[in-house]
Structure formats: C-alpha cells, structure tokens
Amino acid sequence: MDESPRRPTPRPGLDWRTLPIGPKEAFVLSRLDGLAGVSQIAITTGLGEGDVEEILDRLESLGAVSFRHEGYRSPPAIAPPPPSPAPPSPPRASPYPSPSISAPPPHSSASSPPANPASASRDSILDLKPRAPAYDVSLLDEPADLDRATKEKILELEALLPRATHYELLGVPEDAEKAAIKRAYFTLIQQFHTDRFYGKNLGIFRSKLERISSALTKAQDTLSRAKTRAEYDQYLASRRETHGVRDSLPPTGAPPRSGDADSSDNPSIPRAPAAPAFEPAELAGSVPTIPSPSHASEVNSERISADPITGRRLLARKLGFRSGEGRSENPSSLPPSDPETTRERVARELKDRFDARAESQASAAAYYVSMANSARESKDYPSYVNALRIAASLAPDDVAIRDALTQASIEADRELADKFVQQAQYEQRDGYYERAARSYERAARGKESAGLLADAARYYREAAICAAKEGASLKKVAELARRAVAANGKKVEYRLDLARAYEKLGMRSSAQGEVQRALELEPDNEVARALQKQLR
Amino acid sequence: MLRSQRESAEAEKDHMERVIGIDLGTTNSCVAILEQQTPTVVPNRGGYKTTPSIVAVTEAGKRLVGHIAKRQAITNAENTVYAAKRLIGRKWDSPQVKNALMTTSYNIVEGPHDDVRIELRNKTYSIPEISSMILQEMKMVAEEYLSEPVTKAVITVPAYFNDNQRQATKDAGAIAGLDVIRIINEPTAAALAYGFGKNVDATVAVFDLGGGTFDISILEIGGQGVFKVIATTGDTFLGGEDFDARIIDWLVDGFRAEHGIDLREDRMALQRLRDAAEKAKCELSAVHEAEINLPFIISAASNEALHLQASLTRAKLEELTEDLIERCIEISKQALEDAQLGIEEIEDVILVGGMTRMPAIQRAVQDFFRRAPNRSVHPDEVVAMGAAIQGAALIEDKREMLLLDVTPHALGIMTFGSHFEELIPMNTTVPTSMSKTFTTSRDNQTAVKIIVMQGDSKNAEDNELLGEFILTGLRRAAKGQVEIEVTFEINTDGIVSVDARDLETGQAQSIQVTASSGLTPDEVRRMASDASEFMLERKADDAYESAKQRAETLIASIDGMMAEVERSVGGADFGRDAVEKGRRALDAARAAVQSRDAEAILEQVQRLERTERMFRGVVGGT
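Just so you know, the sequences run in chain order A and B. Residues in the first sequence are numbered from 1 upward in steps of one, following the numbering used here. Residues in the second sequence are numbered from 537 upward in steps of one, following the numbering used here.
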C-alpha cells in the first residue's frame, strides 16, 4: 500500500500557463492522474519523494492540484519500488491542452483550496513570472482608459472562461457554503463590472468585462440555488466520470490504430501533424527524458509506445553514452558547478533506475490489469479504462494490454454514450458549444461502436452544428458531417450538410458528388436541386 | 496661483458632475442629492420634501406643478393631470388606457404613434411631456438648493416597468433638460438607501406599495456594498390610488342609494371625492374613524343642493381593501418562489411607499414574513435617496457600491403561431446574453421577420412589442431546414441588442432595440427645446414677479408718506421739488410695472429706494 494518503489530482480546466510555476512543477503536474500516490509519482517522475511532496504542496497552494476526498473508488495502490533520488526531468512545453483539462479525474476533491486566478494566484505571479499569458498579448495595447494591470486581469480571466467550472471561476472549493460562494462572487463582480468604470472609454474591454460579469453571475446564480447547483454538480460529476476515458479513442475519422489509442478530440485545437513531444527524431536533439509510465500524459506515453523499441533504444543511447544536451533547458536541476561530470553522473543514474524500474513495472502492469477487470465487473468504466491505460503505459510493449485498452475504450464509450448526450444537452443549453460539440462527438462514437448508427449519425450532426457555432475550423465541421453521413448514408439532409461544408472548404467536386448521391436518394428534393444548380 | 487655478477647475468639474436622484412617483415625487456622503432630500419652495406629481394649466394658460396644482384641482379638474405615470409608455389601445379614459377627469386623446396624449386647454401634450414638467420642477428645486445648474440625474421607475415605459421616462428626462445617466428600480433604490454606509450582509425583501404601483424585490446585500437583486415582481396597477378608488366606490354607492344620483357623472364631484378619499385613508392610518364631509357636492334635478356626509372606520376601510392587500401578499409569495428562497431566509423587510403606513398592510407583511418590518427608512423619501446614491456611485471615483439589477420581464421573439419564445428569462442579472436556434416555417423561405418582444405570457399577443427587423438572404430550403441563431444581449445600461444569423450562409442582421416611448427622437428634441424655452420664460416671469413685488412695496410705502411729506415740506421750493420728483418716480415705476419688463422695473426700484429714503428722512425728522 502506498503509505502516503495523498492522491493529488490536477484541478480540471486548469490553464497551466497562468500558473507561476517552473518546469519541475509542470512536470509533476503532467504526471498526476488522481490515482497515483506520492511514491508512485516519485517513480514516474524520477524525483525524490521529499521533492514530490514539496512540489505538491506548492501546487496545492496555487490551487493547481487537489486531493481526492473519501469515498472515492480508486484501486489500491501497488507497492512501489523504493524511490531513489534523481534529478528531475526537463520541462517540455506541450502544444496540447494540458492533460488536466482533457482528462480530469473522476470525482473532484473537496479540499481544493481557492484557486482563484483573479486573486490567489495573481499574488504569486508577482514573485514568479508565468511562462506565457493565456491570451493574445497584443490586446494589451488596445486603447482604453484602463491601466495595464487591469487589462491583464481582464484578459486573463476572459481566457479562463471557456474552460473553468463555475467553482473555479469563483475560486471556491466544490463543497463551499452558499455564503462563501456569495462572498467570492461579490468580490469578483465588484472588480469586473462595467459600472466600476462608468464613464470611461473601455474599448474592446467593455464587451470582455460584460462577458466576465455574465459568466460570474451565471456561476453564482447556478451555485446559489439548491436545485440548479445539484443539477450542475451532477453534470460535473458526469463529465468527470466520462471524461476519465475521454481521450481513449482515436480521432474522428480514423479507425483505431494499434499503439495509438490517444485522441485529441478537442475541435478547437486540431491535432498537430507532427507532435514535437517525444518523437524519436526530436529526441535525439533534445534533452534526456524518461518515458513516462503515467497515463496522465497520454501524449508522452502513447508516442513512446508508438515505437517503443526505437524510442527506448534512442533513449538508452542518450542516457548511457551521450549527455551533452539540455543544459540550458533545465538549469535548475543541475548544479552550476562542474556541469559536465554532474550531467554524466545524472545520466548514468537515470539509466540504472530506468532498467531497474522496467521490471517492477511489469508486475505493476499485471496488477493494474486485474484492477481493470474488477472495475469492469462493477461497471466502473472510467476506472476500467484508466487502470488499463496505466497498465499499458507500464508495459508499453505488451500488445495484449494495448488491445484490451482499445477494446475497453470502445466499450466505455458505448456505455457512457447516453451520459455524453445528457452532458452535451446541458452544455448546449448553457451555450458551451465547444464542449457540447465534443460531448456529442463522444456520444456519437459510443453509439457507433454499439452499432446504433442512426443515433450516431444524429449526434455527429449535432456535434457539427455545435462546432460550427463555436467557430471551429471548417475542416472539423466537415469531418463531423462526413461522420454523420458515414453512419447513416440514407439521410438526404446529412448529405446536403456535408455538401455545403465541402463547398465552403472549396472542395467543389466532393460537394457535387454528395449532392448527386442525395439526388439519387430523393430525386425531387428541391433543396438538393437548388444546391446542385448553385454548384455548377 | 497655478495650483489654485487647477484646484478651482477640479472643483468646477466636481460641480459639473453633481447627479440628482429623482423619485418620479405616481402621486408624489421627491428629489435628493448626496451631500458629504449623506443622502439628503431637498425640500421644495413650500418646504415640503415631496411634491405632488400633478400638473395643471390655468385659464390664463399658466402652467402649475405640485402643491399649487393640487390645490386648484377641484376648480380646474379638466385641466389638471394627476397619476400620468400610469399612462407613461402605454399604447392607446391598452386596457390600462381604456380604464383611465373612464376614470380620469382630464381628456385623454389618441396620439400619432398609437400613443396617448392629454388635452389641456386646446393643446395636446404627450405623457413624457407631462412627466417632464414634474421633473423640471424637481430639477429646479435642486438647483435652487445647490445654487448651481444641474444636468445629470438618476430617475427611478417601478421595478415592473417594461422597456417602453422606461424609455418614455428617459424621454421625459431629456425633455426636462436632464441627462438621465441611469434608470433604476424603485425597490432597488430603497435597498441602496437602506444599506448605504452600513456594512449590511443580508438577504432582504423590499415591499414597495406606492401611489400607483406595487413592487416586491428580493436582494442580497454584502461584500462591501454589492446589492444584487435576486428576484423582482409586481403589479403596475396596484397602489394607493386603488385604495382610494375603493373608498370612492363606497361613497358613490352610498350616495346613489340615498339620492339616486351617480356622482361619477360629474367630474368636479369626482375630483372632490378623490381628495376626500385620500385624506380619509391617510387619517385612518392614525385614527380609527374618519369623517368625510363634502357639502354641496352636486345639485339634484330639483336644483336642490345635496351634501355628502359619511363616516368611514378603519375596519370598514380594511374590509373594502382586503383583496388588494391579499394581492400584495400573493405577489410577495411569487417573488420568493422566483428567488427560490424560503420565508426564513429573508433577514429583513423594508417598507417603502406611503401606503405601507396603513396598519393592515404592516400587519399583513408581518404575518407573511414572520418578522416585524424594518422602520429605519422613510417610506416617502428613501427611493430618491437611493437614486442619488446610485448617481454618485457611478460618477465618483471611489465606486465602492455596485448595484446588480435584473430584467423584470422575459425577453424573446414571436415565433410561428403567435407563440412567444423566451430567450432571456425574467430575473436575469444584466449584463447578459443568450442564444437560441430557430428554423424557417415555410418551404423556400428566404427572409424571416424577427419580432422582439417583452413579457411573461406564452402568447405573443399579450406581450409588449419592442422592435422588429428582417433577416434576408436565407438559402432556399424546405421548412425547418434553415437554422437561424438569434442572440439577445442586454448591456449594463439595459440596452437590448438582437442579432440573427443564418448558421449556414453566415448572413446576419442585428439591431439595437430602442424601446418605443411613443415619441420619435425628433419629437423629443422639439419638446425639449419647447420646455427649455418655457423654463426661460418662467425664469423671466419669476424675475418680473420679484421685481414687481419689490416695486409695489416701495410704491405703497412712498404713497403712504406722500401726504405727510407734502404737509411738512410742501411750503418750501425744495419741498415742492421733492414731492414732484417723488410723484414722477412713482409714475415711472408704475409704467415699468405695466411694461412687465423686469429690468426696467429694477431700474425704477433704485429710484424708488432713493425717494423712499428721502421721504423717510422727512417724515422721521418731523
């Protein structure tokens, strides 16, 4: 058993870039999954337990992580190998949304400290510079009768709006009393209401302030009434439960590829064609990095597992025989004196630990597979998938585990499809189209794998509509429309939707083809005819 | 030197930005300012802190406002307008106007934009114009108190007013030469005054029963000066006037039973009844029985004069108005439900409006809320004070106070089948925005009319039309195929904008909804210039009146001494000369008074003063 009761969880919806943290903290943050305890994190990060504790304390004080509360259904932790001290892994700025956003843990913590970006973390920003603001810095130069600090505050908070939960927006824990919520709301609204700036020229900031005010008020209104708060909590719980497995399927349109069970299904952040992280080619010119066995960072582990042998060989070579790179990228982990020797020593230690851990990891993987099976029996699909995912990342070469993971993901999606529909409807009703598009897409995929193609098509179409509303790329919209047609080719409307999407993308002949097929289905369809004429 | 110049410039700037708060009530109005962080109600010339919202035009064409208009109401009933607020922003064919047509003593006529006008001595006035006369009076009261011009105001309206009524009130302000920086709700203003300067952290109810309207608002106060309305509801046709009407009915019925004559037929009698009813009602808040005595109220067919004499007890009044009080409580229940709060969560109840002095109402409130209502605020003055507080809070730099109000009615559009589709529900905190997707109702429909409405009925016809526009260029498709997203947005100033877009083609159209007060902007401008001319005239009149008064006093004094002066010094040449000069001064002064030219009179006043001094010397010397 893990002797530490702390099972940290990254705060969902957290934007790392707003945190005043360094690479070490970010690395630890990237390893958190809500399941691993301190000693497991020590294994996966290669840091000492003391360091991990210290970093977690700091992250907790920033509100970046919380610790799960009682009653959480988590598999008992396995006994970890004794941790050995090691230098931290270097930082890596991921182009992906942070795992904490894409894979929040099931159930939230009750002990999350106020993590109000507008107050709590801002104070600490004064001491430590954030890595990069989450907004377009050029907007700071937009004319308005506001000082720079106020502009920054407005832009920061606005950038947070689409992702933050109501609780996060108000900076209160999820079990906060009504009075505390009201207090937090009053404090924030007093800072961000346009009446505070009455008679001043606010330029582009006026509408931003109004958006912030509305969002704050919406959060307060939802949370201050027992009924709406219960509904919202249920929605959040459902979202977390389902989102525990949300990134387990391949991206839309692509069949599940073995070894690449990761999906970036965020429509507004298209998957990068060549993810820089942990591609072997990149690695050669980069810093030594331990392949992470944590599932929380899908990008890392999945990429490694895409070509585990090459990756590992490369890594081993780097670790064992070369050690020249990376100094400048991670100065904090290396003492300034005599860097050469230190680096070599560190590299050797890393290699040793890497080898030693491989063995203990295999047994750990087996343990997680059994965990997965029992989770499946109790119909705890998120845990089922999560456990398998940990297993797969612990034993990246085990094809059986990988296949099981793919299978589990499909199964979970199918089981959770109806939940996704409910979430999507809640999100759509509240105007969170980006989230709604994703939830519909998940629902559609679930229905698809369950063989319910008519439903799947319907939800793909909803996803396309929501994506269009959100202003997602045309490509994404077209892709979703295409999925709808693929799931149900008999619906003329779906084909016409797709035709129009193609047309907008400039794919005239594809559009004509779709219209043609629509007319084959319904030769008298006036809309189709009109569109056909228009396309000529 | 430089510094003092800058200081005086700053001081001037402060002066320029002074904002007055006006409670434009159905029966009484009140003006307040924030003086050294203390809200202060400004008394009018007569020393009263409230001014009757009554406007009249005399036979000589003179305009009267306030107490003086009220006093002459009986003899000039047809040209005396009271309770104009009940008509503001209303459409000609609305039931409220129909009702007013039957009960008012002045002439209501149809205006050019389906609005309501009032005819006074062959001239028609819009309702905002009538209201502007009251606002002008309040503005003047404040200017005299402050000895400086006032241009900015916060005006209060019943929380349950719709956007058209609010806009009409704004127009009234513009006509009166006021920049209305914000319209706020009366109960909210009362809460501001209640919580101002105290560190209140509580959920409170404001029970506001005024002359014409009833409002109930539930607010959360806390966080160093944030006032957030959670729910507000009310009835714009439930107020003191309805209580009066019950007494009038009772009196009229009694009189008919006795004499077989309907007093309603006679406008003059009706006006006297109205006054008597109001007086009796007020008396009954303090005593248990009130005498109503109206001699010679009407002539019988036989030309015999008839008198009305009755005695009304408090118990009888309570019986007559029981259902009105019940309605207030019903509406209060609704407000609590809308706020999703239990009675026990209300920590204080603030009573606002003169009607809340009625013991039966205080009892009903206490029974319903299960606590004694708060008596720390003055029910007639608290609203104006709140308006002044809000004005100062917006203008001043400290800005510690923030008011978050809600939209009292749902906003939405009319859809197929005259159905009202709500986009922004009532009790939504502003600023806010909401979207909904609609589809076409006919095949190959290429345009769609977006009809913006406000109201709480599912049936569009029952709601208030705010504006409309047409979205064209829709792609041709079967009905239900084209998706149009409609977005409503209300900004902090309460301005509604509506945007409609075809999700496929991206074709979009949007408008800023300007609620219709019944007046076009041109009309408002013209009326404002008329009003300012009138004010100039009135100022000239005032100057003439005071010069004339001064001159006449001096003339009388000189006249009185003339005989004695003649007797004592008339024998001497210098004496004859003095008397002659005195006579000439008197003649010139009388001529100047005749000319109605204030400046000419003032010139003569100086001459009169010299003469008077001289005469006094002569008289005193003997």
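Even for Gly, the Cβ is constructed at its ideal location relative to N, Cα and C.
Less than 8 Å between CB atoms is the rule here; does A:S214 satisfy it with respect to chain B? yes
Go ahead and pull the three-state DSSP assignment for A:N201. coil
Take B:G1107 and list the residues in its own chain whose beta-carbon comes closer than 8 Å to its own, dropping the five residues that flank it on each side. none
Residues of the segment 734 to 764 of chain B with Cβ closer than 9 Å to any Cβ of chain A, in chain order: D737, E756, G758, G759, Q760, G761, V762 and K764
Do A:A375 and A:Y367 have their C-beta atoms closer together than 8 Å? no
Whole-angstrom distance between B:L560 and B:Q910, CA atom to CA atom: For the sequence presented, residue 910 of chain B should be read as Asn rather than Gln. Their Cα atoms are separated by approximately 23 Å.
Residues in its own chain within less than 6 Å of A:I41 by CB, not counting five upstream and five downstream? R31 and V52
Compare the C-beta of A:F205 with all C-beta atoms of chain B and state if any pair is closer than 8 Å. no
First through last residue of the beta strand (DSSP E) which encompasses B:T639: No beta strand (DSSP E) holds B:T639; the alpha helix (DSSP H) holding it covers P631 to T639.
Can you check whether the C-beta of A:K475 is within less than 8 Å of a C-beta belonging to chain B? no
Output yes if chain A places a C-beta closer than 8 Å to the C-beta of B:P967; else output no. yes
Where B:S971 meets chain A, residues with beta-carbon distance less than 7 Å: G431
Segment contact flag, the segment 1050 to 1069 of chain B with the segment 973 to 986 of chain B, C-beta cutoff 8 Å, min 3 pairs: no
List the residues that DSSP assigns as beta-bridge partners of B:C566. B:D559
Listing by chain order, which chain A residues have their CB less than 7 Å from the CB of B:N1027? E210
If we cut at 8 Å on Cβ distances, does B:Q870 have a partner in chain A? no
For B:Y618, name the three-state secondary structure that DSSP assigns. strand
Counting only Cβ pairs nearer than 9 Å, list the residues of chain A close to B:Q1235. No answer is possible for residue 1235 of chain B: the residues shown for chain B start at 537 and end at 1158.
Quick one: any contact between the segment 219 to 239 of chain A and the segment 172 to 182 of chain A, if contact means 3 or more CB pairs under 8 Å? yes
Run through chain B and tell me which residues come within less than 8 Å of A:T217, C-beta to C-beta. L940, T965 and T968
Establish whether the CB of B:Q981 and some CB of chain A are separated by less than 8 Å. no
Taking Cβ positions, are B:N615 and B:A1051 nearer each other than 8 Å? no
Where does A:N201 land, buried or exposed, given buried means 16+ other C-beta within 10 angstroms? exposed
To the nearest angstrom, report how far apart A:D537 and B:A900 are at their CA atoms. Outside the shown range of chain A, which is 1 to 536, sits residue 537 of chain A, and nothing can be said about it.
Consider the Cβ of A:L196: report whether some Cβ of chain B lies at a distance smaller than 8 Å. Before going on, a small fix: residue 196 of chain A reads as Arg here, not Leu. Output row for A:R196: interface = yes.
May I ask you to list the residues that DSSP assigns as paired with B:P588? B:N564
According to DSSP, B:L848 sits in a beta bridge with which residue or residues? B:A826
Cutoff 8 Å; reference B:A613; Cβ partners in own chain excluding five residues on either side: S641, Y642, R803, M804, L806 and Q807
When the Cα atoms are used, what is the spatial distance from B:G731 to B:I711? 32 Å
Does the count of Cβ pairs from the segment 848 to 861 of chain B and the segment 890 to 900 of chain B closer than 8 Å reach three? yes
Hey, could you find the ends of the alpha helix (DSSP H) A:L405 is sitting in? V399 to R429
Would you kindly check if the distance between the Cβ of B:P723 and the Cβ of B:D744 is under 8 Å? yes
Scan the segment 695 to 769 of chain B and note each continuous alpha helix (DSSP H) run of 4 residues or more that stays entirely inside, going in chain order. 699 to 711 and 722 to 731
Give the interface partners of B:L1039 over in chain A, defined as CB-CB distance under 9 Å, in chain order. I465, A468 and K469
From which residue to which residue does the beta strand (DSSP E) around B:G1003 run? E1000 to L1007
In its own chain, which residues sit with a C-beta less than 6 Å from the C-beta of A:P81, not counting the 5 before and 5 after it? The predicted model places A:P81 with a pLDDT of 40, which falls under 50 and marks its position as unreliable; any figure quoted below should be read in that light. If we look at A:P81 and ignore the five residues flanking it on each side, its Cβ neighbours are S360.
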